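Chemist: Handing you a structure now.
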Amino acid sequence: MTELLQHLIPEFDKLRDDEQNAIATRIFPDIEDERAWKIRLEAPTEDHWDRLGEILRPEISIDDRGSAPDGR
């Protein structure tokens, strides 16, 4: 736990239960969102690789003249 959170916990303890619950209700979605993004970014699936290939394929394809679609 970070130092900042360690300082906040005693402050939360001073709040009424309904106030603590209100804060927790706002924080939990952020934690779940961070966790979901971490999973998405750390574990690409075959579908992710396929979509990346679809995006990049036109950029790296070579036409009949031997140049890329943008003329390079």
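Under the numbering used here, the first residue of the sequence shown carries the number 3, and numbering increases by one thereafter. Note that CB positions come from ideal geometry on N, CA and C, so glycine has one too. What you are looking at is a predicted structure, and each value in this text was computed from that prediction instead of being measured.
Do the CB positions of Ile-11 and Leu-17 come within less than 9 Å of each other?
Modeler: Here the question's residue 11 lines up with position 9 in the sequence shown. Here the question's residue 17 lines up with position 15 in the sequence shown. It is not a contact, given that the beta carbons lie outside the stated cut-off.
Chemist: Distance check for Thr-47 and Glu-13, CA to CA, integer angstroms please.
Modeler: Sequence index remark: in the sequence shown, residue 13 carries index 11 (1-based). Sequence index remark: in the sequence shown, residue 47 carries index 45 (1-based). So the two alpha carbons sit approximately 42 Å from each other.
Chemist: Run the CB neighbour count on Asp-19, radius 10 Å, all protein chains shown included, and call it buried at 16 or more, exposed below.
Modeler: Here residue 19 corresponds to residue number 17 of the sequence shown, with the count starting at 1. Under this definition Asp-19 is an exposed residue.
Chemist: Measuring straight from C-alpha to C-alpha, what distance separates Glu-34 and Thr-27?
Modeler: Within the sequence shown, the letter at position 32 stands for residue 34. Within the sequence shown, the letter at position 25 stands for residue 27. When rounded, the distance between both Cα atoms is 11 Å.
Chemist: Just to confirm the assignment: which complete beta strand (DSSP E) runs, minimum length 3, are found wholly within the stretch 19 to 55?
Modeler: Those beta strand (DSSP E) runs which fall completely within the stretch 19 to 55 and span 3+ residues do not exist here.
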